[in-house]
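Visitor:
Number of protein chains: 2
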Amino acid sequence: MTAVKKSVSVKDVARLAGVSEQTVSRTVHDSPSVRLETKERVRAAMRELGYRPNFAGRSLRRGKFKTVGVAMFNITGTGNLDRMEGFAAAADKHGYAITLTKVDGHPYTLESASSRMSALPVDGMVVIMNRMPADFGTFEPLPGMQTVLVTMLEHPLCSTVDNDQFDCSRQVVEYLLGQGHKTVHFISCPERSLSGMQREEGWRETLRAHGIEPPRLVRGDWTARSGYAAGQALADDPTCTAIYASNDAMAYGCIRGLESCGRRVPEDVSVVGVDDSLGDIVPDRRLTTVRFDNKRVGMWAVDKIAGAEGAAPGVEHMLFPGVLVEGDTVRYVR
Amino acid sequence: MTAVKKSVSVKDVARLAGVSEQTVSRTVHDSPSVRLETKERVRAAMRELGYRPNFAGRSLRRGKFKTVGVAMFNITGTGNLDRMEGFAAAADKHGYAITLTKVDGHPYTLESASSRMSALPVDGMVVIMNRMPADFGTFEPLPGMQTVLVTMLEHPLCSTVDNDQFDCSRQVVEYLLGQGHKTVHFISCPERSLSGMQREEGWRETLRAHGIEPPRLVRGDWTARSGYAAGQALADDPTCTAIYASNDAMAYGCIRGLESCGRRVPEDVSVVGVDDSLGDIVPDRRLTTVRFDNKRVGMWAVDKIAGAEGAAPGVEHMLFPGVLVEGDTVRYVR
DNA sequence: TTGCACAATGGCAACGTTAACATTTGAGCG
DNA sequence: CGCTCAAATGTTAACGTTGCCATTGTGCAA
């Protein structure tokens, strides 16, 4: 019946409860210096009017948003769901919210992500880097806006966090060498992928560190189909007894490709993947793979921003190692 | 050298440019009633001071946040990534941002999602419903907060949008019957999944509509492993010539399970899945499946909120049909 | 009785922005 | 030359909240 007032403010609550606006504010924040009885009266008034604090007024007054912005160049990508889970969990823990932004600006630059964020109500920002931004070297974060990059590359002005792709390859290669293999073949990925390139580099370096010249790699495109082709291409190479694929889909494709040429896994060839993404999809095999904790990466990024709380927080770089999970696709040789 | 001022406001820019604050504001919004020359001077001042508009001040003044909140009970779930892509894309289109919130409140209720959102700077909210909230029937959206539920169930007070799971099953069953099969077996999913239950209902109803009594279903748990078991369980049933699995992982598992018992797909048994999620993972088969456009669902939800722009927008219910994609796992019989 | 500490509450101002209205300026015209 | 009209710019107030300081009331020691 009554006209719907646009929004209920402390003033309305104060009037109804017969107290000052300040007392309402104090009640909202459960200050100890308000008598319990008064609080009750105020709370009743809030309930009756359906009061909910206005975020804009509060932020304006406090100069803080309690929100972390997440900029993604492309949202669909392995691990993003888990990372988001981590963002959301950490934000929740600190009483923060997450604001998501898709940066499909054609210039793939940190600057475009940053300027996109600058107009949003955020106290800090996280950028997920899948590829190499053109301005990585020169980028300066917005003053007062704590910026965390999700990447292995260290940045002088921004904190960074990521899975340790290099170490991942080291683990895999040394594991396979430890199983008696003389060398490890590699199925790589498109060259624009940062994490893929780091896996490739880790593979190469680790082999070299063991005095083994890396064999010619086979370039895939993340899909099982490309892995299948790679498997067929490697099937008649007698030196190929161990294959490391840059993700699980290619690893699985590779297995099927090898099998299509009469090579058995793991009897003839051992195969290892990365990502642990096949668990619920492939029923009859347990792929040996490396499992990353993307949720933890996401949590670290948000913790870094939300946990800082004013205290000037230094630039920090964090790498989380993956865990090699043994399945049934690797065999000890000789 | 100079002390860092906390934040640069219109006032500072106005002073430097020698104009009023209002003119600065007008310049920010590129109003045509400011002389080009003046605009240039103001813009120069903004650049020099590094001005960026304060979101809180703006929202407070306007009473709008230009932000849509997304509440998820669990972030990790099939299709969520695509839906988010849709949210972000639509938000972008309208100049909106997306605020993500994980509602892991133990009461699985719309009320808890709603109250979680009420403290955030959002103009409307989207709730992704995977299961049935306890208060679905009684829930009332916050006054002034347009609420969209992602679910097939229609709600009297909230707009809803989802993939048409019922129609999906109808398509699959009629397609298989059209291929000459006398009946269609079904591999279902955990009973708490709303979409799964709707697929199940669609399967049952469509068979009945064709005068066929649905055979006993096999209950799975979304994993390929459960599909594998289901395939083995159905392998020696001579009436079973067509199997419809509630997702692709189970469908693929089922195929392998059947094969492990000497039944060939599609020669002996036809298999259809749902989700089109195997494309990049399984190299040697093209599963016949139903493809949903989750991005479109996400876009619709955000469009509904961001596109309304004040005009009292009625409650609306939208279902998007999936598309049956023919692969090589179905065969015409007799 | 006075003075003092402390608990509870109120008043005021300011955060940054912009809608609404007010003012100035200059051009065009009879 | 006075008039109107429009373009360009300025002034004021208000959005909702909360930090700071002031005020009132109450019990207790001096």
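Heads up: the protein sequence lines correspond to chains A and B, in order.
If you use our numbering, the first sequence corresponds to residues 8 to 341, in order.
If you use our numbering, the second sequence corresponds to residues 8 to 341, in order.
For every residue, glycine included, the Cβ atom is placed at its ideal position computed from N, Cα and C.
What are the uninterrupted segments assigned as beta strand (DSSP E) that are 3 or more residues long and contained completely in the stretch 130-176 of chain A, given in chain order?
Guide: 131-135, 153-157 and 166-170
Visitor: For H101 of chain B, I'd like the list of residues in its chain whose CB is within less than 7 Å of its CB, leaving aside the five on either flank, ordered along the chain.
Guide: A313 and G314
Visitor: Please go through the same chain and pick out, in chain order, the residues whose beta-carbon is closer than 6 Å to the beta-carbon of G264 of chain B, but skip the five residues on each side of it.
Guide: Excluding sequence neighbours, G264 of chain B sits near Y235, G238 and Q239.
Visitor: Can you pull the chain A residues whose beta carbon is under 9 Å from the beta carbon of G57 of chain B, in chain order?
Guide: Those within 9 Å of G57 of chain B in chain A are L149 and P150.
Visitor: M53 of chain B CB to nearest chain A CB: under 7 Å?
Guide: no
Visitor: What in chain B is Cβ-close to A126 of chain A, meaning under 8 Å?
Guide: R59, P60 and F62
Visitor: When DSSP labels each residue in this structure, what does S76 of chain A get in the three-state scheme?
Guide: Reading off the sequence, residue 76 of chain A comes out as Gly, not Ser. Strand.
Visitor: Kindly list the residues whose CB is nearer than 7 Å to the CB of A120 of chain B, restricted to its own chain and excluding five residues on each side of it in sequence; keep chain order.
Guide: Around A120 of chain B: A78, V110 and V134.
Visitor: What in chain A is Cβ-close to L265 of chain B, meaning under 9 Å?
Guide: Per Cβ cutoff of 9 Å: no residues; L265 of chain B is ~11 Å from chain A at best.
Visitor: Does DSSP put L326 of chain B in a helix, in a strand, or in coil?
Guide: strand
Visitor: Do R270 of chain A and V276 of chain A have their C-beta atoms within less than 7 Å of each other?
Guide: yes
Visitor: Which residues, in chain order, does the stretch 92-111 of chain A contribute to contact with chain B at a C-beta distance below 7 Å?
Guide: E92, A95, A96, D99, A104, I105, T106, L107, T108 and K109
Visitor: What does W229 of chain A touch in chain B if you count any residue whose Cβ is under 9 Å from its own?
Guide: D287
Visitor: Quick check: the stretch 149-157 of chain B against the stretch 180-200 of chain B, are at least 3 beta-carbon pairs closer than 8 Å?
Guide: no
Visitor: Please work out which residues of its chain come closer than 6 Å, Cβ to Cβ, to G64 of chain B, disregarding the five sequence neighbours upstream and downstream, and give them in chain order.
Guide: none
Visitor: Taking only runs that begin and end inside the stretch 274-321 of chain A, name each unbroken alpha helix (DSSP H) of 4 or more residues, in chain order.
Guide: 301-313
Visitor: Just confirm the distance between the C-beta atoms of L164 of chain A and E147 of chain A, as a whole number of angstroms; I'd bet it's less than 8 Å.
Guide: Distance from L164 of chain A to E147 of chain A at the Cβ level is roughly 6 Å; contact confirmed, criterion being Cβ atoms closer than 8 Å.
Visitor: Counting contacts by CB-CB distance shorter than 7 Å, is R33 of chain B in contact with chain A?
Guide: no
Visitor: Considering only DSSP beta bridges, list what T108 of chain A is partnered with.
Guide: A:A78
Visitor: Please confirm whether F72 of chain B and V309 of chain B have their CB atoms less than 7 Å apart.
Guide: no
Visitor: For D335 of chain B, count the other beta carbons within 10 Å of its own beta carbon; 16 or more makes it buried, fewer makes it exposed. Which is it?
Guide: Exposed is the call here.
Visitor: Please confirm whether L285 of chain A and Y259 of chain A have their CB atoms less than 7 Å apart.
Guide: yes
Visitor: Using the Cβ count rule (16 or more neighbours within 10 Å means buried), how would you classify M8 of chain B?
Guide: Bear in mind that the predicted position of M8 of chain B carries a pLDDT of just 34, short of 50, making it unreliable; the figure below should be weighed with that in mind. Counting Cβ neighbours within 10 Å, M8 of chain B comes out exposed, since fewer than 16 surround it.
Visitor: Mind checking if D291 of chain A is an interface residue toward chain B, Cβ cutoff 7 Å exclusive?
Guide: Closer than 7 Å: yes.
Visitor: In angstroms, rounded to a whole number, what distance separates the CA positions of T108 of chain B and M124 of chain B?
Guide: 8 Å
Visitor: Kindly list, in the order they appear in chain B, the residues whose Cβ is closer than 7 Å to that of S66 of chain A.
Guide: A63
Visitor: Determine the contact status of S267 of chain B and G203 of chain B, defining contact as a CB-CB distance below 7 Å.
Guide: no
Visitor: By alpha-carbon positions, which one of B:F143, B:R292 and B:V129 ends up nearest to Y103 of chain B?
Guide: B:V129
Visitor: For Q29 of chain A, does the count of other Cβ atoms within 10 angstroms reach 16, so buried, or fall short, so exposed?
Guide: exposed
Visitor: Return the residues of the stretch 232-245 of chain B that lie within a Cβ-Cβ distance of less than 9 Å from chain A, sorted by chain order.
Guide: Here the close residues are R232, S233, G234, Y235, A236 and G238.
Visitor: Looking at the secondary structure, which residues open and close the beta strand (DSSP E) in which H101 of chain A lies?
Guide: Boundaries around H101 of chain A are those of the alpha helix (DSSP H), N87 to H101, since no beta strand (DSSP E) includes it.
Visitor: At a Cβ threshold of 7 Å, is A78 of chain B touching chain A?
Guide: No, no contact with chain A.
Visitor: Say whether chain B places a C-beta atom closer than 7 Å to the C-beta of L331 of chain A.
Guide: Judged by the 7 Å Cβ criterion, L331 of chain A is not in contact with chain B.
Visitor: Excluding the 5 residues preceding and the 5 following L67 of chain B in the sequence, name in chain order all residues of the same chain whose CB lies nearer than 6 Å to its CB.
Guide: none
Visitor: Contact criterion: CB-CB distance below 7 Å. Does I135 of chain A meet it with respect to chain B?
Guide: no
Visitor: Under 7 Å between beta-carbons, which chain B residues line up against N87 of chain A? List them in chain order, please.
Guide: L88
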